[in-house]
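Protein chains in written order, with my numbering: chain B, 202 to 450; chain L, 202 to 450; chain G, 202 to 450; chain R, 202 to 450. Just so you know, even glycine gets a beta-carbon here, dropped at the ideal spot from N, CA and C. Presented below is the structure to which this report refers.
This is how it looks when you write it as structure tokens:
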């Protein structure tokens, strides 16, 4: 029997979790007006501080049950992602909520939606990639510039730029606490049931490496006003997501 | 506030319904082994006959509340679709269930999923299009050939070919009764709620025109065995979908 | 033997000509500063007047020798095109030169380049399409709005909008004379030969139908200053291109 | 003035050379019937041995004059490539000719064509990518599997699979001598000039690293019969191309 596209399984758009991720990030940290940010963060989450982040990244991802797909279906294991995140809280729990997270594949779109991410499909996401053997490109050094963008329709929904200044360590990167989300599946008729639940993404196995920190700029189609206190970083990160836990009803 | 991607609204991936459709179809009708078909149709639906259809089409679709998007966001009003449908029943109600329906845009994917269609994102869907002023192409006549295909990853998931033999009328086309679907939104953790409900798509305003009928062939990555009793048709069709009604729990 | 990608043949990217076209256009006519336009038109062409056009269209195209490809390879017979054209002259001959013409397929890109069009590959071209059976869309009438755009990288390279006011006839559409182009194939080493020749595209079988005329607006990444005297039209057009004749050396 | 799409320049599809490359390869080496191979290699090249290679790779490429594009236009510096190469000779010179080389971007397509590569645009190229921080993926070790494929239309034009067995060194990789090509720009009318010249690609700065060798398999839409003596490798490679030298007329 074919799996339903949203129900994890071998013939679904989504393999069974947990799902493992390894990503190369170009990230900008910034502050924005709480009044603007409050319009990007739905209840029951509340904007906590002015702190935000925006990133563009390339992700290699596999299901725990099907890591061999990197070679049997490589197109099911690589995608690009771009997102803006806002520091907020749910009751006493501090975290980050991503008002929108653009991705380039069906399976990352649908996997994200069932876990509570507000995912959208991008037309195109692109970011700086260097190569150690390219004779025209040097190694990363102070002054090396990175950038990434996301296009959807006629809009550049996100553009980030980072000029690195020095090597860093994982603890140099700002942290935002838990990762929040909203699982929603709406009615299209009164006879139907629906789902509407705030969640915390269940992340584990987090590790970060290859950190460089520096200056950053960000532009987005989301209304964040004029971002200030900007900084930037590039780094690799890995983690595992097993699902998401409901925070309350 | 930004809408959730799945919750119909101005900033969602899905506009508020009802949704109107106008499509150009290349369709093949065929029969297949009930034992094969039964593995494509999940409970509570039961395969009724050996009758099936498969089509590739181009669709112009607008929300009732935002028909102006054909000019303000034309990329949100045109998509391609390919599907295989199986005649089946739910209790006494006869209908058609589509084990999978491939589409080319985010909004048709997500709109379909909330209405109960088992939609997947195609990499590419293409079908024969003629043009009345192209000096190298004549008008449709007996013997004109049409075709369409859908590619996803390395698979041609569906390929249909129709050679028309004569003009037809809408009543020449086989009918399948209601359109069935399954609305599912799974748990990724025991704390979550889920949705799992068989539905009937709420279709109205159906009209068909420009019918030509003839011979057809079909190939698909779905296991339908060796299709027999093949025929084909091309036609235009329009309809409205307002949502989907739960059939039972 | 495999054909070279640029040399017309069965296994080339380009089939043998002549090539037939049938297209649905959304076109804006406008005037711009001759000083701006002169920077878009290379020698030996000279800007003749302030008259320009910009369009977005969908094209069904077949080679004279392989019209059956509409059903055997439909993806090789449909593409989208967006372009800006400038009225100019070569000696006594009046015509139009397109500084850039964006298209969505390999074969239209390469076919155009060997005929002398300055073609580029777009990431996405989209334009208004209506459908006669869509219950949410009426027939074309005074006030119906059409639009089209072309995106490449992070740029919307062209956006046209037309609001039709009344039916027209083919003779209502401005004409520009011949279609000019530049066939160029450069050296990448002194040992190589090169081609650099101004040409006139050899067009025949021109026919136009379904004309509606009205108001128009245009925005483009090309520097055309502030366009004035804007009007717009939608129409169908068909023609044949057999190659291009060298105008002089 | 806008550059012609094929003439290297700031506003062309092709930046001025030399061009630098850094790539990650999944490569299969094999032997095939000389009679089959001879139908893939045009005069004046002659098939020398039964030796062939096929690869899928990801390439970071920059122009020597615009290496900053990795951050200003990252979409202009990354592409995917898939190709089959045949060992052959031109008079006394031994080399490799690629009957077709599929790529994913306009600029790699057109840059290749002016240098003499028989490039075609792919719909999709995908290959195995690992990530050092992905918790579900280990490091490369004996038995790690890599794969890559290229899809164009409904065809998987190339599929390669490599299972690595041990670390290697650059000298473990078969060599093929010079890289041959054919620069062709055809006439579409008798009045036009044309280019038709065999060339040797001017490559320098070659370096290879991160070699693993093992078993390999290949499938392609090119008629290579039944490949034998298969082996595989993965590796990184960097090089510079400055253009191509004409071999004779």
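Check, Outcome
"Where residue 325/L meets chain R, residues with beta-carbon distance less than 7 Å", "324"
"Those residues which DSSP pairs with residue 432/B across a bridge", "230/B"
"Straight-line gap, residue 384/B to residue 213/L (C-alpha atoms, nearest Å)", "14 Å"
"Contact list for residue 337/B against chain R, beta-carbon separation under 7 Å", "221, 263, 265, 268"
"Alpha helix (DSSP H) runs contained entirely in the stretch 222–275 of chain G, provided each spans 4 or more residues", "235–239, 270–273"
"Endpoints, the beta strand (DSSP E) within which residue 282/B is located", "279–291"
"Closer than 7 Å at the beta carbon, the chain L residues around residue 352/R", "352, 355"
"Nearest neighbour of residue 305/R, chosen from 255/R, 350/R, 244/R [CA to CA]", "350/R"
"Residue-chain proximity (residue 441/G, chain R), Cβ-Cβ < 7 Å", "no"
"Residue 335/R (DSSP reduced to helix, strand or coil)", "coil"
"Cβ neighbours of residue 443/G in the same chain (closer than 6 Å, five flanking residues each side left out)", "218, 219, 403"
"Contacts of residue 347/R in chain B (Cβ-Cβ under 7 Å)", "272"
"Contact list for residue 396/R against chain G, beta-carbon separation under 8 Å", "386, 393, 394, 395, 396"
"Contacting residues, own chain, Cβ-Cβ under 7 Å from residue 430/L (five flanking each side not counted)", "231, 232"
"Inter-residue spacing [alpha-carbon to alpha-carbon] between residue 471/B and residue 356/B", "Because chain B here runs from 202 to 450, residue 471/B falls outside it and cannot be looked at."
"Residue 359/B: first and last residue of the uninterrupted beta strand (DSSP E) it sits in", "356–368"
"Beta-carbon neighbours of residue 360/G, restricted to chain L and to distances below 9 Å", "The premise fails here: residue 360/G is roughly 11 Å from chain L at the closest Cβ pair, so nothing lies under 9 Å."
"Three-pair Cβ contact test at 8 Å for the stretch 362–373 of chain R versus the stretch 284–296 of chain R", "no"
"C-beta atoms of residue 392/G and residue 447/R nearer than 7 Å", "yes"
"Classification of residue 348/G by the beta-carbon crowding that lies within 10 angstroms, buried from 16 upward", "buried"
"Residue 203/G at chain R interface by Cβ criterion, 7 Å", "yes"
"Simplified DSSP assignment, three categories, for residue 375/L", "coil"
"Where residue 307/G falls: helix, strand or coil (DSSP)", "helix"
"CB contact below 7 Å: residue 275/B versus chain R", "yes"
"Partner residues on chain B for residue 321/L, Cβ-Cβ distance less than 8 Å", "206, 214, 307"
"Test: residue 296/L CB closer than 7 Å to a CB of chain B", "no"
"Proximity test, Cβ basis, 7 Å: residue 426/R and chain G", "no"
"DSSP bridge partner residues for residue 387/L (one or two, in chain order)", "The partner list for residue 387/L (beta bridge, DSSP) is empty, contrary to what the question assumes."
"Whole-Å CB distance - residue 258/L paired with residue 359/L, under 8 Å assumed", "Not confirmed; about 11 Å, so no contact."
"Closer than 7 Å to chain R by CB, residue 389/G", "yes"
"Assigned secondary structure, residue 313/B (DSSP; H/G/I helix, E/B strand, else coil)", "helix"
"Cross-chain neighbours of residue 241/R in chain G, by beta carbon under 7 Å", "203"
"Exposure label - residue 340/R; buried when at least 16 CB within 10 Å", "exposed"
"For residue 314/R and residue 308/R, the rounded distance between their alpha carbons", "10 Å"
"DSSP beta-bridge partners of residue 439/R", "223/R, 408/R"
"Proximity below 7 Å, CB of residue 419/L to CB of residue 227/L", "no"
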